[in-house]
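Colleague: Sending over a structure as structure tokens; questions will come in a sec.
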Amino acid sequence: MQRSTLSPRQRADHACSFCRQRKRACDRILPQCSTCISKQVVCEYSIDRQWSVSLAPIDIAGEPKGPIFLTDGPASEKRPHLLSSGLFTPLPPALLGRVSRFGASEWVLASLGDGKTVANEYFDRIHWWWPMIAKSQVSPRLADIENYDGELTLLLLAMKVIAWRPSKQGSLDPDPITSAYVTAKHALSEAAMTSNLSLRLLQAQILVAIYETGHAIYPAAFISVAACAQYGYAMHANQVLDPKNLTPNASFNRLEREEQRRTWWAILILDRHLHLGNPSHRLCTEDPSSESLLPTNDDLLGPEITGSSFPVSAPASLDMGSFARMAQAAHLLGKVLHFTESSLEFGGWQTRQARQNEYWQLDKTVRSLLNLSYLEGEMKRMAICGQTAICYSALVALHDSQHSRTDPEYLQFTVELLKPVVDLMMLDSDVFLSGRLVSIEDASPILIRWAYDAGLILSRLASLYEFSDLEHLRRMVGKLEIMSQRWLAAEVCLKLLADKSGVSESLTSHAI
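Each residue of the sequence shown is one higher than the last, beginning at 1 in the UniProt record's numbering.
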């Protein structure tokens, strides 16, 4: 029988998977279309439609559709409150080998655009303050879009999402709920239904969580970070921090292990950072042990890693690298948060004395890491780094957890912390980092909380002290105006501070 004379019953009601993923015309002939015959590939019509959720524009208020492959976990599960890979049932045999292509749908590819351009922008503008992904693992795969799998496509889409900037000009909409963001959220939700645990998918979720944090998309940011923690526990990403798990593995090379370690630390950092803005929010991740390994030096994150990883309890050192020290700062912040949850007055005299000793030991340790950051800032002109912001917020939380102090000693304390940083910042808001010029408006959204803490202090002190005494606090608050060009959360912070007495006037009384 000639293929051109087939009846409608001998044709499928939709294009095959191969043609749809490549946006090619399909003649829908059963059992194989002409394109698949000519390309000598397997022609499949029903699997994608049967087992995946459509990535067409969705009604946010609508009910989710599609199967969820979850069953009750065993009673003896070590973490019954967290997901474990033992909770996932296997996929049907017809889907095995196809789960890696769930993200390579026409909707995701259309939203992504040029993946190579997206990756280049990400590694140029984002990677320097969030070096979670090894460029050498991604870049070689960007040449041919035909070879993109779903995991890589969704990671690239997340890179595109986090690189978005609000526009203050023309008719462009500054709303952060962009089509790329909605598509990424929907596609990552679909990916979670495939029982496929993947480091690239976890990294994509983290980038989206950072985007939500930086643009004040709440409560989505809290939910996303919690989901990242659950996903990470399910794939045992936390175990690579344990030095006992360094035994060589033929299927898991050192660079892959390093990426997984960086990914888990990224979750720990975000989890503790978000807690600052919502003390009632419980941490989603356990505190690392004193022997947990930090990421290796960022400069060594290449195809062949030659450096060693320091334990988190090691004294801070420039040899660690900035991301390792940011992880170390987040670990100390976690200790501060746990410390402030209970009162110094609790228990007998010995208990109070022990806690006073812990109080001053935390202060000393955080200050030591902060001073090292200042030293590096003088050497590399990199005052705007994540560990500096986290250390400052940790000290504020330690010494003024109720945000109520107005005494002169506290003013001196805050000014001494801020002065080295403000002195290093050039008035045009640019600083040098590793030989290149970067702008504060391209910096990490973690810095927003740092400047907002300064603003909160200023709101209490503005009416009590001389204008000149608060100069460094005013400059830090002024940086929020610069960062609001990049992150909408900074704009939200400015609006909150504008309701505080004295802050609005102080912002308009100096040149940034």
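Note that CB positions come from ideal geometry on N, CA and C, so glycine has one too.
A quick note: this is a predicted structure, and the numbers were derived from the prediction, not measured.
Pull up the distance between the alpha-carbon of Ser290 and that of Thr296, whole angstroms please.
Modeller: 16 Å
Colleague: Enumerate in chain order the residues of its own chain whose CB-to-CB distance from Ala15 is below 7 Å, with the five nearest sequence positions on each side excluded.
Modeller: Cβ within range, chain order: Cys26, Arg28.
Colleague: Who are the Cβ neighbours of Val415 in its own chain at under 6 Å, not counting the five residues just before and after it?
Modeller: Cβ within range, chain order: His472.
Colleague: Considering just the uninterrupted stretch of the alpha helix (DSSP H) at Ile133, what are its terminal residues?
Modeller: Neither: Ile133 is in no alpha helix (DSSP H) and is coded neither H nor E.
Colleague: DSSP on Arg24, reduced to helix/strand/coil?
Modeller: Note: Arg24 maps to coil in three-state DSSP.
Colleague: Would you tell me roughly how many angstroms separate the C-alpha atoms of Leu494 and Arg486, rounded to the nearest one?
Modeller: Rounded to whole angstroms, Leu494 and Arg486 show a C-alpha spacing of 14 Å.
Colleague: Let me know the secondary structure DSSP gives Pro311 once reduced to three states.
Modeller: Pro311 carries a strand assignment under DSSP once its states are collapsed to helix, strand and coil.
Colleague: On a Cα-Cα basis, can you pick out the residue from Gly277, Ala237, Cys36, Val118 that is closest to Thr263?
Modeller: Relative to Thr263, the option among Gly277, Ala237, Cys36, Val118 whose CA is nearest is Ala237.
Colleague: Can you tell me whether DSSP reads Leu464 as helix, strand or coil?
Modeller: coil
Colleague: Quick one: Cα of Pro315 to Cα of Ile223, how far?
Modeller: 34 Å
Colleague: My understanding is that Trp130 touches Ile210, with C-beta atoms under 8 Å, so please give their C-beta distance in whole angstroms.
Modeller: 7 Å
Colleague: Out of Ala221, Leu255, Gln260, Glu212, which one is the CA nearest neighbour of Leu201?
Modeller: Gln260
Colleague: How about Gly386 and Ser313: are their beta carbons less than 8 Å apart?
Modeller: no
Colleague: Starting from Leu188, trace the alpha helix (DSSP H) in both directions and tell me its first and last residue.
Modeller: 179 to 191
Colleague: Quick check on Lys185: buried or exposed, where buried means 16 or more other Cβ atoms within 10 Å of its Cβ?
Modeller: buried
Colleague: Give the single residue among Leu154, Tyr465, Ala221 whose Cα lies nearest to the Cα of Arg113.
Modeller: The sequence shown places Gly at residue 113, not Arg. Residue Leu154 is the option with its Cα nearest to Gly113.
Colleague: If you run the structure through DSSP and keep just helix, strand and coil, what is Ile126?
Modeller: coil
Colleague: If distances are taken between C-alpha atoms only, which option among Ala221, Trp265, Val41 comes closest to Val240?
Modeller: Trp265
Colleague: Along the chain, where does the alpha helix (DSSP H) containing Ile390 start, and where does it finish?
Modeller: 386 to 399
Colleague: Where does Arg486 sit, in a helix, a strand or coil, going by DSSP?
Modeller: Coil.
Colleague: Are the beta-carbon atoms belonging to Thr183 and Trp164 less than 8 Å from one another?
Modeller: no
Colleague: Would you kindly work out how many angstroms separate the C-alpha atoms of His403 and Leu480, rounded to a whole number?
Modeller: 19 Å
Colleague: What separation, rounded to the nearest whole angstrom, lies between the Cα atoms of Leu488 and Pro219?
Modeller: 15 Å
Colleague: What does the alpha-carbon distance come out to for the pair Met483 and Ser308?
Modeller: 35 Å
Colleague: Between Ile206, Cys284, Ala397, Gly277, which has its C-alpha nearest Leu496's C-alpha?
Modeller: Gly277
Colleague: Under the DSSP definition of a beta bridge, which residues are partnered with Ile29?
Modeller: Arg11
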